[in-house]
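Structure record follows, encoded as structure tokens.
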Amino acid sequence: MNDKFLLFDIKKSMYGMGIQNVVSIEKVTEASPFPNMPEYVVGMVQIRGQIIVVIDMSSLLYNNSSQIDNDTRFILVERNETVIALMVERANEIINIEENEIKPVHSIETGTETFIIGAALEENRIITILDIEKLLTSLQDIDAIRREIAEQNNEYINEK
């Protein structure tokens with residue numbers, strides 16, 4: 262397991278993800294809504310010429326939309342050659358967490374435990390470690406969203 266983790270905040274809780282899938286961290290820009298999508302799909306943004314789906318992590322994990330401010334960021338992650346933007350309240354830092362420091366979390370079944378690796382204690386902070394690969398795999402309709410965006414990208418390119 263990768264021992265470098267990007268820390269980020271959602272609803273005043275700290276989360277971490279392995280950096281192996283992280284492409285970049287970007288300031289939030291306004292997303293174009295996309296019809297008939299789950300609540301956690303904010304829409305699409307264009308970053309460096311790519312059209313990217315935006316997932317609101319607060320909506321996904323807490324069923325409560327993010328409050329966007331100057332600290333809100335997109336964490337761009339790549340999965341199967343597709344880049345997706347995860348909107349978080351704040352991206353903090355990259356730290357080392359050894360595998361043996363991550364403890365399993367036992368909770369009431371909510372569906373989220375499938376992508377929670379465990380929790381680590383770092384400088385008196387509890388960090389919930391997410392498996393971003395499993396999280397992205399579990400998202401309802403993510404493949405349909407990607408296909409739809411690919412079609413829109415092709416239409417946009419053909420119009421030029």
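If you count the sequence shown from 1, you need to add 261 to reach the numbering used here. Cβ coordinates follow ideal geometry from the N, Cα and C atoms, glycine included. Because the structure is a prediction, the values reported are computed rather than measured.
Got a sec? Which residues, its chain only, sit under 8 angstroms from residue i by beta carbon, not counting five neighbours each side?
i	result
D479	Missing from the structure shown is residue 479; the chain here goes from 262 to 421 and no further.
V366	E374, I377, G379, A380 and T389
N324	E300
Output needed for residue i: all residues of its chain with C-beta closer than 6 angstroms, excluding positions within five of it in sequence on either side, in chain order.
i	result
L267	M278, I280, V283 and I355
M298	none
I369	For I369, the predicted structure reports a pLDDT of 49, less than 50, and the residue's modelled location is therefore unreliable. A value from the coordinates is still provided. Correct list: empty, nothing qualifies.
I418	Its pLDDT being 48, under 50, I418 is placed unreliably in this model, and the value from its coordinates should be taken loosely. The answer is none, since no qualifying residue turns up.
Just the Cα atoms here: how many angstroms apart are residue i and residue j?
i	j	result
I308	N331	18 angstroms
E300	I286	23 angstroms
T389	A352	14 angstroms
T375	K395	7 angstroms
P296	I387	37 angstroms
E362	E384	12 angstroms
N341	K288	24 angstroms
V302	K364	30 angstroms
Among the candidates the options, whose CA atom is the shortest distance from the CA of residue i?
i	options	result
E350	S320, V366, V338 and P365	S320
M275	L382, V344, N297 and F335	L382
D392	R386, K288 and L400	L400
K290	L322, P296 and I312	Just to set this straight, residue 290 is Thr in the shown sequence, not Lys. Ranking L322, P296 and I312 by Cα distance to T290 puts I312 first.
E339	I387, V366, R386 and V314	V314
T343	A380, I388 and T398	T398
V306	N341, I329 and I345	I345
K273	V302, K288 and L322	L322
Contact check, residue i vs residue j under 8 angstroms by CB: the rounded distance?
i	j	result
I316	L347	5 angstroms
S293	G304	5 angstroms
S327	T333	6 angstroms
Residues in its own chain within less than 7 angstroms of residue i by CB, not counting five upstream and five downstream?
i	result
M318	I271, L347, M348 and V349
F269	Y276, I336, V349, R351, A352 and N353
I329	V289
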